[in-house]
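Undergrad:
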Amino acid sequence: MKTIDERPVQVQPVRGTRWKKHHAEDVAGRSYTFICAALLIVIILSIVYFVASKGLATFFRDGVSLGDFLFGTTWDPEGNNGEPMYGVLPFIFGSFATSVLAALIASPLSICASLFMTEIVPGWGKKLLQPVIELLAGIPSVVYGFIGLTVVVPFLRNVFPGQGIGIAAGAIVLSVMILPTITSVAADALASLPRGLKESSFALGATRWQTISRVILPTVLPSILTGVVLGMARAFGEALAVQMVIGNAPHIPRSLFESASTLTSVITLDMGNTVMGSAHSNALWSMALALMFMTFVFVMIVRLLERRHRI
Amino acid sequence: MRAKLTDKIATFFIVVFSLLIVAVLVGLIGFILVRGLSHIDWHFLTSVPQTIREGGGIGPQLFNSLFLLVLTLIITIPLGLGAGIYMAEYAKPGKITGTIRLVVEVLSSFPSIVVGLFGLLLIVNTFGFGFSLFSGALVLTIFNLPLMVRITEQAFRSVPKEQKEAGLALGLSKWKIISSVLFPVALPSIVTGTVLAAGRVFGEAAALLFTAGMSTPRLDFTNWNPLSPTSPINPFRPAETLAVHIWKINSEGLAPDAAQIAAGASAVLVILVLLFNLFARWLGGVLYKAMTASKRMG
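In order, the protein sequence lines correspond to chains A and B.
Following our numbering, the numbering of the first sequence begins with 18 at its first residue and continues without gaps.
Following our numbering, the numbering of the second sequence begins with -13 at its first residue and continues without gaps.
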């Protein structure tokens, strides 16, 4: 046992023997945690640098023009029909179509779920839906892809013309995957609303729906949009689940039920079959660069929405 | 009366849509279990996969997934704790802190395939680790780190201020306060968060395709020399995980029972994720009790 009357700790570390163990600990701990935090910056800078250095080679070394790359509709990197063509518009279209559609399907459902948890039955509604949302978030993406392949695709094939694979199948699978993201952001926003807002609306004689539609939803709209953008970002970057159900045809489909491709699905399929440093491989890296760029755009939008919310 | 009617209709739709989500989850899990459970037996869980013939198992894949998870956590936990503690306790509002916060945000919404490509370029090729468990673990660390930082930061921030002030009043050094006062209180939420994050890592496949590889060498489970290429615990051998295996047999499986294997493997994956979920809650509760001598609120 130590005695109680220990000297008060010397505040400034002094040289020589007065430099105590806890000073050393303090400095070591502080430096260690700072190095860990700085490592995050190093990681992101190196990701940006390496992906950009490979991705930009398409334009600077292989001489593909940015316009041909972004707006070209022919993807023929091996040059099977003459000149190799690196038009990725079909994939950009596929990525946007699937993620926007997925957000359109998932948003109303998520908003209803978050209202159910916070406004309709705050007690057991939360107890019921919270674990459901967490489990949906926890199911691995390949399992979603597998279910899409064994349930969604055959269903679409039976109901609609076509093979069942395509943008519709991708969007349905993605919409379930991004439900948890949107719901949890929306539910957090609803739960943090000041009580007075709702109570004064009820006191004026408004019904619950009037309160929800005219007071609550307009107030939390920026937060809900934040959730939707985060969900879209997740859908945009999702690779395997989409690749399994979308069909992987390299052109812009004429219907939602026709085989298509996204940026991620092409990278997933082709990267293993190309030689590092070849023009084909570099074009795939350029697509990764485009994905990364879109991530930055999504994060920027989220930041802007949050800033507006604060005012 | 129109307002009341609208209110009733709107409520009805909100309830229906919410129950629809519950139904989707129940349907999903029910479907996976019904399809997969019949295929799961001891042989399936332990034997090696077959490429062309029937009756392949998922033994090596299951082992790879668990081993890779352990490797990833060994790297992620110290780094994530450090960065999280820095953000919660040391970081002062300013440019650097703002940058780190932005970095965490960007990293956590990075597409996993892009992180995988980065791993392929830097870790697999430039550093020369090849397709290996170690490369996979490093990539999963990048993928998991932002989550871990957030979990730690939130856990430290939710410790009551009085506890910290009491420590300061006793003249404890900052590090002593962090390690002996704040950390024990924050531990239950950190552990719960870590196990939940581990479940996410467990199901990740896109980042591993080009880092841990899509094949497993023939493993000899009696060889425990970590440097031998046939040893299961050699971290520098290629390793196909369970999630990658599901993807592979769905897209290029040649075995006649590929669909059943995919169903069985998906069921195993989902059951493990469910177990992670339950385990996280249970462990968090137990630790909370042990650390604070009271039940968790809410």
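Just so you know, even glycine gets a beta-carbon here, dropped at the ideal spot from N, CA and C.
Since we're looking at a predicted model, the values are computed, not measured.
Hey, is T91/A's beta-carbon within less than 9 Å of any beta-carbon in chain B?
TA: Position 74 of the first sequence, counted from the first residue, corresponds to residue 91/A. No, its Cβ sits nowhere closer than 9 Å to a Cβ of chain B.
Undergrad: Starting from the beta carbon of R143/B, find every residue of chain A whose beta carbon is closer than 7 Å, and list them in chain order.
TA: Mapped onto the second sequence, residue 143/B falls at position 157. Around R143/B, no beta-carbon contact reaches into chain A at under 7 Å, the shortest distance being about 15 Å.
Undergrad: Pick from L126/B, L108/B, T83/B, E190/B: whose alpha carbon is nearest that of I63/B?
TA: The count along the second sequence starts at 1 and reaches residue 63/B at position 77. It is L126/B.
Undergrad: Among residues of its own chain, excluding the 5 on either side of M200/B, which ones have a beta-carbon nearer than 7 Å to its beta-carbon?
TA: As a working note, residue 200/B is residue 214 in the second sequence. E226, V230, K234, listed in sequence order.
Undergrad: With DSSP as the reference, please indicate the residues paired to G17/A in a beta bridge.
TA: Outside the displayed range of chain A (18 to 328) lies residue 17/A, so it cannot be described from this structure.
Undergrad: Below 8 Å between beta carbons is the criterion; list the residues of the stretch 249 to 276 of chain A that meet it against any residue of chain B, in chain order.
TA: A250, R251, F253, G254, E255, A256, L257, Q260, M261
Undergrad: Give the single residue among I184/A, D79/A, K143/A whose Cα lies nearest to the Cα of D205/A.
TA: Here residue 205/A refers to the residue found at position 188 of the first sequence. Closest option to D205/A, Cα to Cα, is K143/A.
Undergrad: Assuming G179/A and F274/A are in contact, meaning their beta carbons sit under 8 Å apart, how far apart are those beta carbons, in whole angstroms?
TA: For the purposes of this step, residue 179/A is taken as the residue at position 162 of the first sequence. For the purposes of this step, residue 274/A is taken as the residue at position 257 of the first sequence. 4 Å between Cβ atoms; contact.
Undergrad: Anything in chain A within Cβ reach of L48/B, meaning under 8 Å, just list it in chain order.
TA: Walking along the second sequence from the start, residue 48/B turns up at place 62. What L48/B touches in chain A: nothing, since even the nearest Cβ is about 14 Å away.
Undergrad: Along chain A, in chain order, which residues have C-beta atoms closer than 9 Å to that of E91/B?
TA: Looking up residue 91/B in the second sequence gives position 105. By Cβ distance, chain A contributes V316, V319, R320.
Undergrad: Taking 9 Å as the threshold (beta carbon to beta carbon), is W302/A in contact with chain B?
TA: One-based indexing of the first sequence puts residue 302/A at position 285. At least one chain B Cβ lies under 9 Å of W302/A.
Undergrad: Taking only beta-carbon atoms, is D(-7)/B less than 9 Å away from chain A?
TA: Position 7 of the second sequence holds residue -7/B. So yes, D(-7)/B belongs to the interface.
Undergrad: F163/A to A188/A, Cα distance in whole Å?
TA: Within the first sequence, residue 163/A is the residue found at index 146, counting from 1. Within the first sequence, residue 188/A is the residue found at index 171, counting from 1. F163/A and A188/A: Cα-Cα distance of roughly 14 Å.
Undergrad: Nearest chain A C-beta to V171/B closer than 9 Å, yes or no?
TA: Taking the second sequence and counting its residues from 1, one reaches residue 171/B at position 185. No - not a single Cβ of chain A is within 9 Å of the one on V171/B.
Undergrad: Excluding the 5 residues preceding and the 5 following P132/B in the sequence, name in chain order all residues of the same chain whose CB lies nearer than 7 Å to its CB.
TA: Working through the second sequence from its first residue, we reach residue 132/B at position 146. Counting only Cβ-Cβ distances below 7 Å, and skipping sequence neighbours, we find V90, L93, S94.
Undergrad: Might you give, ordered along the chain, the residues of its own chain that have their beta carbon closer than 7 Å to the beta carbon of L173/B, omitting 5 neighbours on each side?
TA: The residue you call residue 173/B lines up with position 187 of the second sequence. Excluding positions up to five away in sequence, the list reads L273, M277.
Undergrad: Along the chain, where does the alpha helix (DSSP H) containing E238/B start, and where does it finish?
TA: In the second sequence, residue 238/B corresponds to position 252, counting from 1. In this chain, the alpha helix (DSSP H) harbouring E238/B covers 228 to 238.
Undergrad: Any chance the stretch 138 to 157 of chain B sits against the stretch 243 to 255 of chain B, with 3 or more Cβ pairs inside 8 Å?
TA: no
Undergrad: Please identify, using Cβ separations under 8 Å, the residues of the stretch 198 to 223 of chain B that lie next to chain A, in order along the chain.
TA: Listed in sequence order: M200.
Undergrad: Using a C-beta cutoff of 9 Å, does E75/B count as contacting chain A?
TA: Sequence index remark: in the second sequence, residue 75/B carries index 89 (1-based). Yes, E75/B counts as interfacial toward chain A.
Undergrad: Interface residues of chain B around V68/A at Cβ under 9 Å?
TA: Here residue 68/A corresponds to residue number 51 of the first sequence, with the count starting at 1. Near V68/A (Cβ distances below 9 Å), the residues of chain B are V100, L103, F104, L107.
Undergrad: Would you mind reading off the limits of the alpha helix (DSSP H) that contains T138/B?
TA: The sequence position of residue 138/B within the second sequence is 152, counting from 1. 119 to 143 is the span of the alpha helix (DSSP H), which, as asked, contains T138/B.
Undergrad: So, do the stretch 302 to 317 of chain A and the stretch 278 to 288 of chain A have three or more beta carbon pairs nearer to each other than 8 Å?
TA: yes
Undergrad: Of all Cβ atoms in chain B, is any one closer than 9 Å to the Cβ of H39/A?
TA: Position 22 of the first sequence, counting from 1, holds the residue named residue 39/A. True, the Cβ-Cβ gap to chain B drops below 9 Å.
Undergrad: Restricting to Cα atoms, I'd like to know which of V237/A, G155/A, M102/A, M261/A is closest to L83/A.
TA: Taking the first sequence and counting its residues from 1, the one referred to as residue 83/A is at position 66. Ranking the options by Cα distance to L83/A, first place goes to M102/A.
Undergrad: Are S240/A and L118/A touching if we call contact CB-CB under 9 Å?
TA: The residue you call residue 240/A lines up with position 223 of the first sequence. The residue you call residue 118/A lines up with position 101 of the first sequence. Taking 9 Å as the Cβ cut-off, S240/A and L118/A do not qualify as a contacting pair.
Undergrad: Going by beta carbon distance, what residues of the same chain come within less than 8 Å of F88/A, once the five residues before and after it are set aside?
TA: Locating residue 88/A in the first sequence gives position 71, where the first residue counts as 1. Same-chain partners within the cutoff: G104, L106.
Undergrad: Please confirm whether A245/B has its beta-carbon closer than 9 Å to some beta-carbon of chain A.
TA: Locating residue 245/B in the second sequence gives position 259, where the first residue counts as 1. Against chain A, the CB of A245/B has a partner CB under 9 Å away; the residue lies at that interface.
Undergrad: Ordered along the chain, which non-local residues of its own chain (more than five positions away) have a Cβ less than 8 Å from that of A266/A?
TA: Indexing the first sequence from 1 puts residue 266/A at position 249. Cβ neighbours of A266/A beyond the five flanking positions: E275, S276, A277, S278.
Undergrad: To be precise: take each residue of the stretch -9 to 17 of chain B, compare its Cβ to all Cβ atoms of chain A, and keep it if any distance is under 9 Å. Which residues remain?
TA: Per Cβ criterion, the list reads T(-8), D(-7), K(-6), I(-5), A(-4), T(-3), F(-1), I0, V1, V2, F3, S4, L5, L6, I7, V8, V10, L11, V12, G13, L14, I15, F17.
Undergrad: The alpha helix (DSSP H) with S240/A in it runs from where to where?
TA: Residue mapping note: residue 240/A aligns to position 223 of the first sequence, counting from 1. From DSSP, the alpha helix (DSSP H) with S240/A extends over 234 to 254.
Undergrad: Against chain A, does M283/B count as a neighbour if the rule is that its beta carbon must be under 9 Å from one of theirs?
TA: Translated into positions along the second sequence, residue 283/B becomes position 297. The predicted model places M283/B with a pLDDT of 49, which falls under 50 and marks its position as unreliable, so this point remains unresolved.
Undergrad: In angstroms, rounded to a whole number, what distance separates the CA positions of R320/A and N220/B?
TA: Residue numbering aside, residue 320/A sits at position 303 when the first sequence is read from its first letter. Residue numbering aside, residue 220/B sits at position 234 when the second sequence is read from its first letter. Those two C-alpha atoms are separated by around 44 Å.
Undergrad: Please state whether DSSP places W293/B in a helix, a strand or coil.
TA: No answer is possible for residue 293/B: it lies beyond the span of chain B, which begins at -13 and ends at 284.
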